[in-house]
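Asker: Those protein sequences? They're chains A and B, same order as listed.
Numbered by the numbering used here, the letters in the first sequence go through residues -1 to 215 in order.
Numbered by the numbering used here, the letters in the second sequence go through residues 6 to 505 in order.
Positions of the beta carbon are idealized from the N, C-alpha and C atoms, including for glycine.
My structure is below; once you've seen it, I'll send some questions.
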Amino acid sequence: MSDKPRHLVQSVRKLTATTFVIRIDRHAFRALAGQHVTLGPHRFAINREFSIYSSPDAPYLEFLIIARPGSETACALHQAQPGEEVDLAGPYGEFFIANPADRSRRYLFVATGVGIAPFHCFVRHFPGLDYRLIHGVARVEDRYELADYERGRYVACVSREEGGDFKGRVTDYLREHRVEPDRLCYICGHSAMVANVYDLLRGQGVPSDNLLTETFF
Amino acid sequence: MKVAISYPPILNDRGQVAMVSQNRNVQYFKIPTYLLPVVHAQAATWLRDIGCEVRWDDGNAQQKSFDEWYAGLLAWRPDVVVFESTTPVMKFYWALVKQLKGDLPKTLVVMTGYHSMRKPDETMQACAVDVILQSNHIDFVLKKLIPYIAEHADWRETCEIEGLFIRVDEKKVRQTGAFKRVEDLDLSPDVDRDLVEWKRYAYENGNYLRTPGTYATSVIRDCTFGKCTFCRYNGPDLTFSIRSVKKSLDEYQRLIEDYGVREIFDDSGVWYRGEQARAFARGIIDRGLHKRGCYFGFNTRFAYLDEETIALLAKANFRFVLVGLEAADAETLTRLNKGYLPHQACQNLEIFTRYGLHPHLTIMVGYYWQTAEQLGATVSTVRELMFKGLARTLQVTICTPLDFTPYHKECIANNALLTDDYNDFDMSKLIVKTPIPHEAYYQAIRDMYGVATDPRFIARQIRFLASGRVRDWEFLFRYGWRALRRVRNHVYNLTSQERG
């Protein structure tokens, strides 16, 4: 491993009390938009998978992370200081946009919480993408870096308080706002949400070939 | 509908039986090893629950000869027979389907499993199978498919259940679109232990220190990580699904209280981690199941479980931790997409053993790039870990490309395969070109299994007795002889190529 460049922390950007974006050196690390890595503090006993939040064009790598109590890797990264080293492996996964050059394609992105990370990566990397992003969060403050999404394309479904674009869960929103069957739908989040949204969209006539899923754990 | 979920006894020319069922890699064993195919067992349970007449037809576990098994199936005259495919037994299955279709022309044959789901056209052409499931969620799909077939005479033309290849007629095959990757596993029932005759699987399994043991209904299908290139559970078509902690705890309680199970193993590709693992351990303790004389075990991976979680698992009477140490060099781990670094293996094993868990290492040799230096690093690391007591048992396999995993495709793309005869993919020999002679890998296998009889290993096991843990005494005095018998069997299987 000694010939590999060391990935050092550049910054930790706090978004809420528990959610943050960690930025690290990219070096020659190559990944496609939508892929993820395993990441952890240097020589730490454990690591965890995180989707890449930044665009593949960016000169750095960013990850959107929530540090829940008991999530040892995330909590350690939350405390990381600029200049500290992290261990990175990957990239992994095939949660891609297969043909971004096809401008006639319309997309639906559905995420909960930090499951928005790959979609942030998509919209930063593919300007002009015709997308609608449905983001399920508990609180208004969890609408992470809202300005990065094109106005009118982002819908915040806030479940625990008023102030979002919709009060309730993403499944509630999708029941009230039917999805056109020709949309290419990407779903990212916890297993139960992914399964529920899948069933809902299938029920609205979206063919299974148009449904792509990425599960967080 | 009469549905048989069938595992025919498949014997090789050395009289060994193929273990197909839900093992990530098929192997032939002379000494019986019976692995409960959990997902198919859930499918059987679910079909029975919705009114089907189900035949749990595991000819291996029922210790039948092929002729006995086949005659029994014919006599039962099923409407549907379900098989599970994997590369080394595909030719057997194609011939069997031909034979079965000749004897029971009205019986529908459904092929499941990781080989045919990735190469459905091949199996459609090679035999008269009626349906191929591309989904790994056998239970969810069969629960929809079987009633649909029963209710629709024109099912071949009209069925729209996702993830199927359906033979419409002699010339036409239909595909019904991508299958649903993520299912809510709480909807699928616990395995009905009586239906699958659980005791047939309760004794002959090297993972159990205490018997009767059993496999739990898996909490994860297939694997939370799912990136290791050699594993069936990798690919763009797959992700994992999860079962709730409570549902699983309820099953553990029933297994202990109603069936008297004394060791429970969860064969999920990678078991829970983080909060769910801790909640599970706390649930075991809260229900008092940790004091009922039953050990628990699971598969995990390095860099997954933190110390707090491991301590809690140990308190909850977890014992057996099966973890893959596929190599000891960083290059190989990177090429295999293992997602951990060599130092993390050692760190994690130290924590496991500090809390009295018994780590079981699964090691592989024979990657098409593996040099003498890399192989030597694996052997010396494994021996050192065993002598230090950082791992208690091990299992070595020859890395065999199969089921069109990424590694299998990589071997094809790099022209590394020495054979394209599926019968050769049975893990009994190296079938890839390697930078050093094959004999070196067979010797490495012997060197690693040789640890079991090394005085340094035995002395370490004796020193473990000072811990005062019952499990350490059981390990040495009860498990030791069984383990030696299995070691001899493994060495025989994996180095037989040299004997000709």
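Taking the continuous alpha helix (DSSP H) assigned at methionine 95 of chain B, which residues delimit it?
Answerer: 95 to 108
Asker: List in chain order: all unbroken alpha helix (DSSP H) runs of 4+ residues lying wholly within the segment 111 to 157 of chain A.
Answerer: 115 to 123
Asker: Kindly list the residues whose CB is nearer than 7 Å to the CB of tryptophan 478 of chain B, restricted to its own chain and excluding five residues on each side of it in sequence; keep chain order.
Answerer: Leu470
Asker: In chain A, what lies closer than 7 Å to arginine 583 of chain B by C-beta?
Answerer: Residue 583 of chain B lies beyond the stretch modelled for chain B, which goes from 6 to 505, so this question has no answer here.
Asker: Exposed or buried, serine 4 of chain B, counting other C-beta atoms within 10 Å across all chains shown (16 or more means buried)?
Answerer: Coverage of chain B is limited to positions 6 through 505, which leaves residue 4 of chain B absent and any answer about it impossible.
Asker: Hey, could you find the ends of the alpha helix (DSSP H) tyrosine 196 of chain A is sitting in?
Answerer: 189 to 201
Asker: From leucine 16 of chain B to alanine 131 of chain B, what does the alpha carbon distance come to, in whole angstroms?
Answerer: 21 Å
Asker: Using 8 Å as the cut-off, classify the Cβ of proline 205 of chain A as near or not near the heavy atoms of the ligand COA, replying yes or no.
Answerer: Of the ligands one can find in the structure shown there are none, so the ligand COA has no counterpart to examine.
Asker: What would DSSP say about histidine 175 of chain A, mapped onto helix, strand or coil?
Answerer: Three-state result, histidine 175 of chain A: coil.
Asker: According to DSSP, simplified to helix, strand and coil, what is histidine 365 of chain B?
Answerer: strand
Asker: Three-state secondary structure (DSSP) at isoleucine 467 of chain B?
Answerer: helix
Asker: Short check: CB of lysine 185 of chain B to CB of tyrosine 196 of chain A, under 9 Å?
Answerer: yes
Asker: Going by DSSP, what residues sit across from lysine 7 of chain B in a beta bridge?
Answerer: B:Glu58
Asker: How far does the beta strand (DSSP E) with valine 87 of chain B in it extend, from its first residue to its last?
Answerer: 85 to 90
Asker: For tyrosine 153 of chain B, tell me which candidate among B:Gln258, B:Asp291, B:Val85, B:Gly231 has the shortest Cα-Cα distance.
Answerer: Answer by Cα proximity: B:Val85.
Asker: Hey, tyrosine 39 of chain B and asparagine 210 of chain B are a contact pair by Cβ (cut 8 Å); roughly how many whole angstroms apart?
Answerer: 6 Å
Asker: Quick one, which of A:Arg41, A:Val153, A:His123 has its alpha-carbon nearest histidine 175 of chain A's?
Answerer: A:Val153
Asker: State yes or no: is the beta carbon of alanine 29 of chain A nearer than 9 Å to at least one beta carbon in chain B?
Answerer: By this cut-off, alanine 29 of chain A is not an interface position.
Asker: Out of B:Asp197, B:Asp174, B:Gly56, B:Leu78, point me to the one whose CA is closest to valine 44 of chain B's CA.
Answerer: B:Asp197
Asker: Kindly indicate if chain A contains any beta-carbon less than 9 Å away from that of isoleucine 356 of chain B.
Answerer: yes
Asker: Which residues in chain A sit within 7 Å of glutamine 349 of chain B, going by Cβ to Cβ distance?
Answerer: Those are Ala43, listed as they occur along chain A.
Asker: Along the beta strand (DSSP E) that carries histidine 120 of chain B, what are the first and last residues, could you check?
Answerer: Where histidine 120 of chain B is concerned, there is no enclosing beta strand (DSSP E), although the alpha helix (DSSP H) it sits in stretches over 119 to 123.
Asker: Cysteine 183 of chain A and valine 204 of chain A look like a contact to me (Cβ under 8 Å); what is the Cβ gap, rounded to whole Å?
Answerer: 6 Å
Asker: So what does DSSP say about aspartate 18 of chain B, is it helix, strand or coil?
Answerer: coil
Asker: Please confirm if glutamine 308 of chain B has its CB atom under 9 Å from at least one CB of chain A.
Answerer: For the sequence presented, residue 308 of chain B should be read as alanine rather than glutamine. Closer than 9 Å to some Cβ of chain A, the Cβ of alanine 308 of chain B qualifies, so yes.
Asker: Identify whether glutamate 188 of chain B lies in helix, strand or coil by the three-state DSSP scheme.
Answerer: coil
Asker: Buried or exposed: which applies to threonine 358 of chain B, given that a residue is buried once 16 or more other Cβ atoms fall within 10 Å of its Cβ?
Answerer: That one is buried.
Asker: Let's test the definition: count the other Cβ atoms within 10 Å of the Cβ of glutamate 444 of chain B and tell me whether it reaches 16, buried, or not, exposed.
Answerer: exposed
Asker: Quick one: which chain B residues come within Cβ less than 8 Å of threonine 36 of chain A?
Answerer: Ala308, Gly344, Tyr345
Asker: Tell me which residues share the same chain as leucine 41 of chain B and place their Cβ nearer than 6 Å to its Cβ, disregarding the 5 neighbours each side in the sequence.
Answerer: Tyr206, Tyr220
Asker: Classify glycine 56 of chain B as buried or exposed, calling it buried when 16 or more other Cβ atoms lie within 10 Å of its own Cβ.
Answerer: exposed
Asker: By alpha-carbon positions, which one of B:Ala23, B:Val22, B:Val102, B:Val475 ends up nearest to cysteine 299 of chain B?
Answerer: Comparing C-alpha distances from cysteine 299 of chain B to each of B:Ala23, B:Val22, B:Val102, B:Val475 shows the shortest one belongs to B:Val475.
Asker: Using the DSSP secondary-structure output, state which residues sit across from glutamate 268 of chain B in a beta bridge.
Answerer: B:Gly218, B:Tyr300
Asker: Check distances from the C-beta atoms of the segment 232 to 251 of chain B to those of chain A and list, in chain order, the residues that come in under 7 Å.
Answerer: Lys232, Pro241, Thr244, Phe245, Ser246, Ile247
Asker: Take every Cβ of the segment 249 to 262 of chain B, pair it with every Cβ of the segment 306 to 322 of chain B, and state whether three or more of those distances are shorter than 8 Å.
Answerer: no
Asker: For the beta strand (DSSP E) containing phenylalanine 48 of chain A, name the first residue and the last one.
Answerer: 46 to 49
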